[in-house]
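J.: According to our numbering, the stretch in the sequence shown is residues 1 to 507, in order.
Beta carbons: idealized from backbone N, C-alpha and C, even for Gly.
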Amino acid sequence: MALAGLAACGGEEASPLPRRAVTVDVSTETAVAEVDPRFLSFAVDTAQALGGPFWSNSGAKGAVGDLVRPPMDFSDPALQARIEPLTPSFIRIGGSAADTVYYDLGTSPVTEPPEPFELVLTAPLWARLMELVGALDLELLWTLNAGPGTRDDAKAWQDAQSRALLQHAADRGDRVAVWELGNEINGFPFVLGLSEKVEPQQYAADVALARAMVDELQPNSLLAGPSSAYWPLGGEINPILPEFMPLAGKDLDVVTWHYYPQQSERCPLRELPATAEMPLDPLLLDNADKWSAEVEGYRDAHAPDVPVWLGETGGAQCGGQSGVSDRFVGGFWWLDQLGLLARRGTPIVIRQSLTDASYGLLDGEDLSARPDYFNAVLHKRLMGTRVLNVVASDPSQAKLRAYAHCTAPTAQGYTEGAVTLLVLNLSQTHVAELTDLGFPRDGALWWHLDADGLESRRMRLNGRELAMQGDALPDLSGDPLPDGPLSLAPPSYAFVVLPAANAAACL
């Protein structure tokens, strides 16, 4: 079915811009993939949860940041009000700090952890986290410490610390959906030092031990790993997956990997320095598809029944890039990557992070919403779990990207058989124009998102500037789709709900 392009707020441009005709065709007979209802999920870094060093907006270059806040107050009504629109989702407590935590869950915990541990998890901190999980529609993914403090002289992981945490959770009756063994095992030499490298064979033995522990103490939980880090151009650094997966891939319930499309100025090593142009480059956007296919290839060969999750991702590595990851332009990468990975059938994508640094969905100081927070909320509301195939004509010329899902039942204008389109015009010079929707337009609605510039802190929805109203969301309702030929001005993006599509895959 041929689909039309979308107009900038339904009005005339101030000055004429070149127009390029683009046709997109959506296959509606069958879905090409189905994702989890918690597909779009988010992370809180362990350093944020427990009060350790994390990336500040002006963070020093290095393996970790220089911002130290108190442990996150998960009972804060303002924080909970901002999390609720992102549910259902997983909340991942992970990141590099996860491999430095000392679990002291008794009644008189230490104030300073023994070396080489750096942070302390106490029973009250754990209780506050679990209260948040219980209060909202969240599932917890907790990254267990697999760092130096948990290893013997031969580098073998010892399970005593993790056993204490799993037993504590079991005694309380806590439901922990996923236990993940370590954060970016392949990145240990870069974050913890060259002497801390863990070989794939050793990590396979570690996973076997963790498998037995989870089966014994938390049999209803899943075990995930190795959360291997991928770079945008070079792929898996210090590769672990090629050797680990044949040895122990089947011992996992979830294969996790991490991906950032570029590296911020905070990173001591930068393969692809972050710019505002990267999220508009189709070739660079496609790297997420490329590396996802590689990870899935290892899974297919050695553990075909195990799902692959993108367990951590953000606009740029090392806290995100100020002026890019926290601005309007970041939404092109964020929404495009969600579209690419949903089309692949990736069940879960976890955004780093909920707050702070430059890649946080929310500003850490006042919890004000950044553009990607609103993008995430709209994606949750409008894009359902069944994914449809879309083919765009000449996308390299027009720089238009298009994705389609069956409409989420929570969407404004939802009817059975409805289709939601996500269309992004990556061009800075051309209007993407289409004339034939290919679907009945009865009741069609659209959400057009633009801004005063790529680096704008604020964006508009159908001409209305978006900002939180105290702790409440602003008006996020769609407008009737304009009649006649429609165009998507450069650069902007839009969701369109077509209630009368009557797509067989969505019935």
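1. Would residue 183 be called buried (16 or more neighbouring beta carbons within 10 Å of its own) or exposed?
2. Assuming residue 157 contacts residue 164 under a Cβ cut-off of 8 Å, what Cβ separation, rounded to an integer in Å, is found between them?
3. Given that a residue counts as buried once 16 or more other Cβ atoms are within 10 Å of its Cβ, and exposed if not, what is residue 194?
4. Who are the Cβ neighbours of residue 102 in its own chain at under 6 Å, not counting the five residues just before and after it?
5. Our contact map puts residue 493 next to residue 335 with C-beta atoms below 8 Å; I'd like the distance itself, whole angstroms only.
6. So residue 387 and residue 86 are in contact, right, with Cβ under 8 Å, and what is the actual spacing, rounded?
7. What residue ranges within the stretch 163-195 form continuous beta strand (DSSP E) runs of no fewer than 3 residues, ordered along the chain?
8. Compute the Euclidean distance between the alpha carbons of residue 296 and residue 410, then round it to the nearest angstrom.
9. Taking 8 Å as the threshold (C-beta atoms), are residue 282 and residue 426 in contact?
10. Let me confirm a value: residue 220 is counted as buried when at least 16 other C-beta atoms fall within 10 Å, else exposed. Which label applies?
11. Evaluate contact between the stretch 429-447 and the stretch 309-329, counting only Cβ atoms and requiring at least three cross-stretch pairs below 8 Å.
12. I need the straight-line Cα distance from residue 328 to residue 489, nearest angstrom please.
13. Measuring straight from C-alpha to C-alpha, what distance separates residue 73 and residue 398?
14. Checking 8 Å against the spacing of the C-beta atoms, do residue 303 and residue 245 come in under that value?
15. Where does residue 472 fall in DSSP's three states?
16. Return helix, strand or coil for residue 450, following the three-state DSSP convention.
17. Between the C-alpha atoms of residue 14 and residue 175, what's the straight-line distance to the nearest angstrom?
18. So the alpha helix (DSSP H) residue 379 belongs to, where does it begin and stop?
19. Take every Cβ of the stretch 367-384, pair it with every Cβ of the stretch 455-474, and state whether three or more of those distances are shorter than 8 Å.
20. Taking just the CA atoms, how far does residue 217 sit from residue 105?
21. Which residue comes first and which comes last in the beta strand (DSSP E) that contains residue 497?
22. From the DSSP secondary-structure annotation, give me the bridge partner or partners of residue 387.
23. Mind checking residue 7: buried by the 16 CB within 10 Å criterion, or exposed?
24. Are there 16 or more other CB atoms within 10 angstroms of the CB of residue 107, so buried, or fewer, so exposed?
25. Could you check what DSSP says for residue 104 in three-state terms: helix, strand or coil?
26. Measure the beta-carbon distance from residue 170 to residue 222 and round it to whole angstroms, keeping in mind my assumption that it falls under 8 Å.
27. Can you tell me whether DSSP reads residue 273 as helix, strand or coil?
28. Go to residue 425, then tell me how far its alpha helix (DSSP H) extends in each direction, as first and last residue.
29. Using the Cα positions of residue 204 and residue 187, report the straight-line distance between them to the nearest angstrom.
30. What's the call for residue 200, buried or exposed, on a 16-neighbour Cβ count within 10 Å?
31. If you scan the stretch 61-145 from start to end, which runs of the beta strand (DSSP E) of 3 or more residues do you find wholly inside it?
32. Could you tell me which residues DSSP puts in a beta bridge with residue 45?
33. Could you check whether residue 389 and residue 35 sit closer than 8 Å to each other, using their CB atoms as the reference points?
34. So, at 8 Å on beta carbons, what are the nonlocal neighbours of residue 122 in its own chain, with the 5 sequence-adjacent residues on each side left out?
35. List the whole-angstrom C-beta distance separating residue 80 from residue 135, where the pair is believed to meet the contact cut-off of C-beta under 8 Å.
36. Is the beta carbon of residue 248 less than 8 Å from the beta carbon of residue 207?
T.: Looking at the atomic coordinates:
1. Stepping through the sequence shown from its first residue, residue 183 is reached at position 183. Counting Cβ neighbours within 10 Å, residue 183 comes out buried, since at least 16 surround it.
2. Here residue 157 corresponds to residue number 157 of the sequence shown, with the count starting at 1. Here residue 164 corresponds to residue number 164 of the sequence shown, with the count starting at 1. About 14 Å separates the two Cβ atoms, so there is no contact after all.
3. Here residue 194 refers to the residue found at position 194 when the sequence shown is read from its first residue. Exposed: under 16 other Cβ atoms inside 10 Å.
4. The residue given as residue 102 occupies position 102 in the sequence shown. Result list for residue 102: 113, 117 and 120, in chain order.
5. Position 493 of the sequence shown, counted from the first residue, corresponds to residue 493. Position 335 of the sequence shown, counted from the first residue, corresponds to residue 335. Indeed they touch by this definition, with Cβ atoms about 6 Å apart.
6. Taking the sequence shown and counting its residues from 1, the one referred to as residue 387 is at position 387. Taking the sequence shown and counting its residues from 1, the one referred to as residue 86 is at position 86. Their Cβ separation, rounded to whole angstroms, is 20 Å, which puts residue 387 and residue 86 out of contact at 8 Å.
7. 178-181
8. On the sequence shown, position 296 is the one that residue 296 refers to. On the sequence shown, position 410 is the one that residue 410 refers to. C-alpha separation (whole angstroms): 31 Å.
9. For this step, residue 426 is matched to residue 426 along the sequence shown. For this step, residue 282 is matched to residue 282 along the sequence shown. Taking 8 Å as the Cβ cut-off, residue 426 and residue 282 qualify as a contacting pair.
10. Start at 1 with the first residue of the sequence shown, and residue 220 comes out as number 220. Classification for residue 220: exposed.
11. no
12. Working through the sequence shown from its first residue, we reach residue 328 at position 328. Working through the sequence shown from its first residue, we reach residue 489 at position 489. Computed Cα separation, rounded: 15 Å.
13. Along the sequence shown, read from residue 1 onward, the residue named residue 73 stands at position 73. Along the sequence shown, read from residue 1 onward, the residue named residue 398 stands at position 398. Approximately 46 Å between the Cα atoms of the pair.
14. Locating residue 303 in the sequence shown gives position 303, where the first residue counts as 1. Locating residue 245 in the sequence shown gives position 245, where the first residue counts as 1. Their beta carbons are under 8 Å apart, which means residue 303 touches residue 245 by this criterion.
15. Start at 1 with the first residue of the sequence shown, and residue 472 comes out as number 472. Here residue 472 sits in strand by DSSP.
16. By one-based count along the sequence shown, residue 450 stands at place 450. Residue 450 falls in the strand class under three-state DSSP.
17. Here residue 14 refers to the residue found at position 14 when the sequence shown is read from its first residue. Here residue 175 refers to the residue found at position 175 when the sequence shown is read from its first residue. Note that residue 14 has pLDDT 49, beneath the 50 cutoff, so the model's placement of it is unreliable and no number is given.
18. Taking the first residue of the sequence shown as 1, we reach residue 379 at position 379. Taken as a continuous stretch (DSSP letters only), the alpha helix (DSSP H) holding residue 379 covers 371-382.
19. yes
20. Indexing the sequence shown from 1 puts residue 105 at position 105. Indexing the sequence shown from 1 puts residue 217 at position 217. Computed Cα separation, rounded: 16 Å.
21. In the sequence shown, residue 497 corresponds to position 497, counting from 1. First-last of the beta strand (DSSP E) with residue 497: 492-498.
22. For the purposes of this step, residue 387 is identified with residue 387 of the sequence shown, where counting begins at 1. Residue 387 is bridged to 33 and 405.
23. Residue 7 sits at position 7 when you count from the first residue of the sequence shown. Summary for residue 7: the model assigns pLDDT 42, below 50, so the residue's position carries little reliability; its value from the coordinates is reported in the next sentence. Buried.
24. As a working mapping, residue 107 is identified with position 107 in the sequence shown. Exposed, since its Cβ has fewer than 16 Cβ neighbours within 10 Å.
25. One-based indexing of the sequence shown puts residue 104 at position 104. Residue 104 falls in the coil class under three-state DSSP.
26. By one-based count along the sequence shown, residue 170 stands at place 170. By one-based count along the sequence shown, residue 222 stands at place 222. No, residue 170 and residue 222 are not in contact; Cβ-Cβ is about 15 Å, not under 8 Å.
27. Taking the first residue of the sequence shown as position 1, residue 273 is located at position 273. Residue state, collapsed to three classes: strand.
28. Translated into positions along the sequence shown, residue 425 becomes position 425. Taken as a continuous stretch (DSSP letters only), residue 425 belongs to no alpha helix (DSSP H), being part of the beta strand (DSSP E) at 419-425.
29. Against the sequence shown, residue 204 aligns to sequence position 204. Against the sequence shown, residue 187 aligns to sequence position 187. Spanning the two alpha carbons is a distance of roughly 16 Å.
30. Walking along the sequence shown from the start, residue 200 turns up at place 200. Buried, by the Cβ-count rule.
31. 89-94, 101-103, 119-121 and 138-144
32. As a working note, residue 45 is residue 45 in the sequence shown. Residue 45 pairs with 94.
33. Taking the sequence shown and counting its residues from 1, the one referred to as residue 35 is at position 35. Taking the sequence shown and counting its residues from 1, the one referred to as residue 389 is at position 389. Result no, Cβ atoms of residue 35 and residue 389 do not sit closer than 8 Å.
34. Position 122 of the sequence shown, counted from the first residue, corresponds to residue 122. Within the same chain, residue 122 has close Cβ partners 104, 105 and 109.
35. On the sequence shown, position 80 is the one that residue 80 refers to. On the sequence shown, position 135 is the one that residue 135 refers to. Right, the Cβ-Cβ distance comes to about 7 Å (below 8 Å), so this counts as a contact.
36. Start at 1 with the first residue of the sequence shown, and residue 248 comes out as number 248. Start at 1 with the first residue of the sequence shown, and residue 207 comes out as number 207. Their beta carbons are under 8 Å apart, which means residue 248 touches residue 207 by this criterion.
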